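Let me begin by presenting the structure, written as C-alpha cells, before commenting on it.
2 protein chains.
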Amino acid sequence: MPRRSKPARETYHHGDLRNALVTAAVELVEGSSPEELTLREVSRRVGVNHRAAYRHFKDKTALLAAVAEDGYRALLDAMDQALAKAPRTNAEERLMALAVAYVSFAIDQPARYRIMFGRRLNEDGRFPTLEELVGRAYAVLAGELRAGQVSRQFHLTPVRELVFGFWSLTHGFASLAIVRRLKVKRSLLDAWTRTVFAPFVHGLAR
Amino acid sequence: MPRRSKPARETYHHGDLRNALVTAAVELVEGSSPEELTLREVSRRVGVNHRAAYRHFKDKTALLAAVAEDGYRALLDAMDQALAKAPRTNAEERLMALAVAYVSFAIDQPARYRIMFGRRLNEDGRFPTLEELVGRAYAVLAGELRAGQVSRQFHLTPVRELVFGFWSLTHGFASLAIVRRLKVKRSLLDAWTRTVFAPFVHGLAR
DNA sequence: ACCTGAACACCGTTCAAGT
DNA sequence: ACCTGAACACCGTTCAAGT
Chain A
1 MPRRSKPARE TYHHGDLRNA LVTAAVELVE GSSPEELTLR EVSRRVGVNH
51 RAAYRHFKDK TALLAAVAED GYRALLDAMD QALAKAPRTN AEERLMALAV
101 AYVSFAIDQP ARYRIMFGRR LNEDGRFPTL EELVGRAYAV LAGELRAGQV
151 SRQFHLTPVR ELVFGFWSLT HGFASLAIVR RLKVKRSLLD AWTRTVFAPF
201 VHGLAR
Chain B
1 MPRRSKPARE TYHHGDLRNA LVTAAVELVE GSSPEELTLR EVSRRVGVNH
51 RAAYRHFKDK TALLAAVAED GYRALLDAMD QALAKAPRTN AEERLMALAV
101 AYVSFAIDQP ARYRIMFGRR LNEDGRFPTL EELVGRAYAV LAGELRAGQV
151 SRQFHLTPVR ELVFGFWSLT HGFASLAIVR RLKVKRSLLD AWTRTVFAPF
201 VHGLAR
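Residue numbers (this note's numbering), protein chains in the order written: chain A, 1 to 206; chain B, 1 to 206.
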C-alpha cells in the first residue's frame with residue numbers, strides 16, 4: 001500500500017520549480033562568482049533538465065533579475081532592521097546605521113551584490129518588480145534625508161541630489177571594497193565604515 | 001618590380017599584434033558591452049586566427065587586464081588635465097574638478113569603465129602593471145586631499161580614510177549613473193555632478 | 001501544463017602541426 | 001618565432017516531441 005503515497009512529484013517535480021531555481025542560483029553564485037552562474041548548472045543542481053528553466057524564465061537575464069529581486073528584498077530587510085534599532089531623532093546617526101547595514105550586506109554576499117548592481121538588467125523595462133524594489137530602497141534613503149531636513153539637522157539641498165550622493169557613497173564604498181578586496185578585518189569593518197563616512201555625512205549638517 | 005616592396009606582412013602580420021588586439025578590444029567593447037567582448041571576435045576584427053591571441057595573452061583575463069590598464073592610463077590623463085586647469089590653491093575646487101573629470105570619463109565610456117571596475121582582474125597578482133596604475137590614481141587623490149590638509153582647508157582625518165571615502169563617492173556616482181542610466185542630459189552633467197558632490201565635499205572643510 | 005532530447009551557433013582553451 | 005586547424009568541454013537558445 002505504500003506506492004500510492006508517493007505522488008507524481010518524482011516525475012513532475014517541485015510544486016514550485018521557479019523558487020527552487022532562484023534559491024539554487026543564489027546559493028550557487030555565493031559559492032563562486034556571478035560569471036559562473038549558468039542556467040545549465042542551476043538546473044543541474046535542482047535536478048532538472050536545463051530546458052525546464054525556460055518554462056519560468058524567458059532567458060538567462062530573467063533568472064538574474066529574479067536573483068536581483070530576491071537580493072533587494074533582503075537588502076530592504078537589513079535596512080529596515082538597522083533603522084528600527086537606531087535612535088529615532090539623530091539624523092546623522094540614522095544615516096550611519098543605514099550605511100553600516102548596507103555595506104555589511106554587500107561585503108558578506110559580494111556575488112549577490114554584484115548581480116544586483118553589476119549590469120543593467122532592466123534594459124527593456126521587462127522587470128517592473130525589480131524596478132519597484134529599487135524604488136523602495138530609494139524611498140528609504142529619501143525618507144531619512146528628508147526627515148533630517150524637516151528636523152533642521154540637514155541642509156536644504158534638493159532631496160533628489162542628496163539621495164543620489166548618499167547612495168553613491170554607500171554603493172561606491174561597497175563595490176570598491178568588493179573589487180579591491182578591502183584589507184580591513186571583518187570585525188573592524190563597521191567601525192571603519194563609520195570613520196570613512198563621518199566627514200562626508202557631516203557635510204550634510206547645517 | 002613592385003612585388004618586392006610588399007613585405008612578409010601579409011602573412012606574418014602586424015609588427016605589433018598585441019597592441020592591435022588591445023585597440024580592437026577597446027573599440028569593440030565601447031560599441032557594445034563588456035559581455036560581448038570575446039577573444040574570438042577581437043581576433044576576427046584584427047584579421048587573425050583566435051589562437052594567435054594566445055601568443056600575447058595567457059588567457060582572456062589577461063586581455064581584459066590589458067584593456068583595463070589602457071583605461072587607467074586614459075583616466076590618469078584626464079585627471080591630470082583637470083588638475084592642470086583647476087585653481088592652484090582652492091582644495092575643494094580642485095576635488096570638484098577631479099570629480100567632474102572622473103565622472104565624465106566613466107559616463108562617456110561606460111563599457112570601458114565597467115571593465116576597469118567590474119570584476120577583480122588581478123585576483124592572483126598576475127598583473128603588477130595594473131596594480132601600479134591603480135596606485136597612481138590613488139596617489140593623485142591622496143595628494144589633493146593631503147594638500148588640503150596641509151593648507152588647513154580640510155579636517156585632519158587620516159588620509160587613507162579620506163581617499164577611500166572620496167573614491168567611493170566618485171566611483172559610486174559613476175557606476176550608479178551607468179547602471180541606472182542617469183536621466184540627466186549630458187550637457188548638464190558636469191553641473192549636476194557638482195551639485196551632488198557639494199554638500200559631501202563641504203564636509204571635509206574645517 | 002510541464003518536462004526532455006537533439007541540434008545549432010557560439011564560447012575559451014588545449015594539442016599537434018605548419019611556415 | 002609566429003600563426004593555424006581540428007578538437008574538447010562548455011554555454012544559451014530553439015524546435016519538435018513526449019507524458
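No residue lacks a Cβ here, since even glycine has one placed at the ideal position from N, Cα and C.
Predicted model, so just to flag it, every value in this text is computed and none were measured.
What's the gap between the Cα of residue i and the Cα of residue j?
i	j	result
A:A82	A:L189	16 Å
A:K185	B:R146	25 Å
A:G118	B:A53	27 Å
A:G135	A:G143	12 Å
A:R73	A:L133	7 Å
A:I115	A:R88	33 Å
A:S104	A:A191	11 Å
B:T61	A:L76	34 Å
B:L162	B:M96	15 Å
B:F166	B:A99	9 Å
B:S43	B:V67	14 Å
A:K85	A:G71	22 Å
B:A20	A:R194	46 Å
A:V22	A:R120	19 Å
A:A139	A:R94	15 Å
B:V46	B:L17	8 Å
From what residue to what residue does the alpha helix (DSSP H) around residue i run?
i	result
A:V171	One detail in the question is off: residue 171 of chain A reads as His in this sequence, not Val. Element bounds for A:H171: V159 to V179.
A:Q153	It is not in any alpha helix (DSSP H) - A:Q153 carries neither H nor E in the DSSP assignment.
B:R44	L39 to V46
A:E123	Run containing A:E123: none; DSSP gives neither H nor E here.
Can you look up residue i in the DSSP assignment and give me helix, strand or coil?
i	result
B:F105	helix
B:S33	coil
A:F117	helix
A:K58	coil
B:V100	helix
B:K85	helix
A:N49	coil
B:D77	helix
B:L182	coil
B:N19	helix
A:R4	Low per-residue confidence applies at A:R4: pLDDT is 29, beneath 50, and the placement is therefore not dependable enough to give any value.
With DSSP as the reference, identify every bridge partner of residue i, one or two as the case may be.
i	result
B:A205	B:F154
Near residue i, what residues of its chain come up, given a Cβ to Cβ distance below 7 Å and the 5 sequence neighbours on each side ignored?
i	result
B:A8	Because B:A8 sits at a pLDDT of 33, beneath the cut-off of 50, its placement in the model cannot be relied upon, and the following sentence gives the value as read from the coordinates. Around B:A8: no qualifying Cβ.
B:S5	Because the pLDDT of B:S5 is 29, which lies under 50, any placement of that residue in the model is unreliable, and the question is left without a value.
B:L37	A25, L28 and V29
A:E41	L28
A:W170	The amino acid at residue 170 of chain A is misidentified as Trp; the sequence shows Thr. These residues qualify, in order along the chain: A99, Y102 and V103.
Given residue i, which residues of its chain have a CB within under 8 Å of its CB, disregarding the five upstream and five downstream residues?
i	result
A:N122	A65, L130 and E131
A:H155	Q149, L204, A205 and R206
B:L32	Leu is not the amino acid found at residue 32 of chain B; the sequence shown has Ser there. Excluding residues within five positions, the ones whose Cβ falls inside 8 Å are A111.
B:E92	G148, Q153, V201, H202, L204 and A205
A:V196	F173
A:P34	A111, R114, I115 and G118
A:K183	none
B:L141	L98, V163, F166 and W167
B:V179	none
A:G125	E131
Leaving aside the five residues before and after residue i along the sequence, list all residues of the same chain whose C-beta is less than 6 Å from its C-beta, in chain order.
i	result
A:A106	Y113 and A174
A:A78	A101 and F105
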